[in-house]
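S.K.:
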Amino acid sequence: MSPTHPTPAAPLPITDGASLRALREAEERRRDAELVTRAVDGDAAAFEALVARHRPWCVRIATRLLECRDEAEDVVQVSLTRAHRALHQCVHREQFAPWLRRILLRRCYSVHERRTRRERWVRRMEPDDHEVGADREAHRVELRLDVVRAMATLPPAYRDAVVMRLLAGLDYHEMTAATGLGHSAMKMRVQRGCARLRRALPHLRHDAA
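The sequence shown begins at 1 in UniProt numbering and counts up one residue at a time.
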């Protein structure tokens, strides 16, 4: 009588939350790569599908950064248009989401910088009545301009990380999803970016928890 062998157990389904999230994210990247390839080949519907997948996140983050829904919508539209024109430059197609989000964040930062400079100019043109309130507001605008100038000196990778963490208020999971980088790498960029800002702006406080 031949020996019997136990039937191999069926693999257990993956139920761990982190594992499921990783599988979902891998599938999202695979789908993005497929759509980017089709869009680069001239499939307009494929790019529309990419827009449908990523526009909600872009609008949410731009609104949080700019504090104005209409302005955020405009920035997102400009960012998507730029992405469409430069789509052939997205070499790592499975990384379309981080690539698009970098375009968006840098556009938001540019708008924020112009707005701060415009506020400064407007304050200078206003009459000098209500001096105490005007001086306080002028000081606030000057501080914001100091921050804008200091941010402009950061390497783009550090600036993007600081913008996401301190201005947009993203948590590290959202930041890793936005960039495709790991938690430790993002935290390091925030910490190094904030360290440089502290040196440039010793009169201000920066918390990068």
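Beta carbons are placed, not taken as given, at the ideal position from N, Cα and C, and that holds for glycine.
#1: Using the rule of at least 16 other Cβ atoms within 10 Å of the residue's Cβ for burial, across every protein chain shown, is Arg81 buried or exposed?
#2: Taking 8 Å as the threshold (C-beta atoms), are Phe47 and His84 in contact?
#3: Quick check: what's the CA-CA separation for Pro155 versus Ala49?
#4: Three or more beta-carbon pairs under 8 Å between the segment 54 to 62 and the segment 90 to 110, yes or no?
#5: Rounded to whole angstroms, how far is the Cβ of Val148 from the Cβ of Glu174, which I believe are closer than 8 Å?
#6: Output yes or no for whether 8 Å exceeds the beta carbon distance between Ala150 and Leu197.
#7: Relative to the C-alpha of Glu67, which residue among Pro98, Cys108 and Ala157 is closest?
#8: Any chance you could list the alpha helix (DSSP H) runs of at least 4 consecutive residues sitting entirely within the segment 39 to 98, in chain order?
#9: In terms of residue numbering, what span does the alpha helix (DSSP H) encompassing Arg159 cover?
M.R.: Inspection of the coordinates gives the following:
#1: For clarity, residue 81 is Thr in the given sequence; the question names Arg instead. With fewer than 16 other Cβ atoms within 10 Å, it is exposed.
#2: Yes. Within cutoff.
#3: Between the alpha carbons of Pro155 and Ala49 lies a gap of roughly 32 Å.
#4: Contact between the segment 54 to 62 and the segment 90 to 110 is established, with three or more Cβ pairs separated by less than 8 Å.
#5: For a cut-off of 8 Å, the C-beta gap from Val148 to Glu174 is around 24 Å, too long to register as a contact.
#6: Ala150 places its beta carbon less than 8 Å from that of Leu197.
#7: Across the set Pro98, Cys108 and Ala157, the C-alpha of Cys108 shows the shortest separation from the C-alpha of Glu67.
#8: Given a length threshold of 4 residues, each whole run of the alpha helix (DSSP H) inside the segment 39 to 98 is given here in chain order: 44 to 66 and 69 to 85.
#9: Unbroken alpha helix (DSSP H) run through Arg159: Pro156 to Val162.
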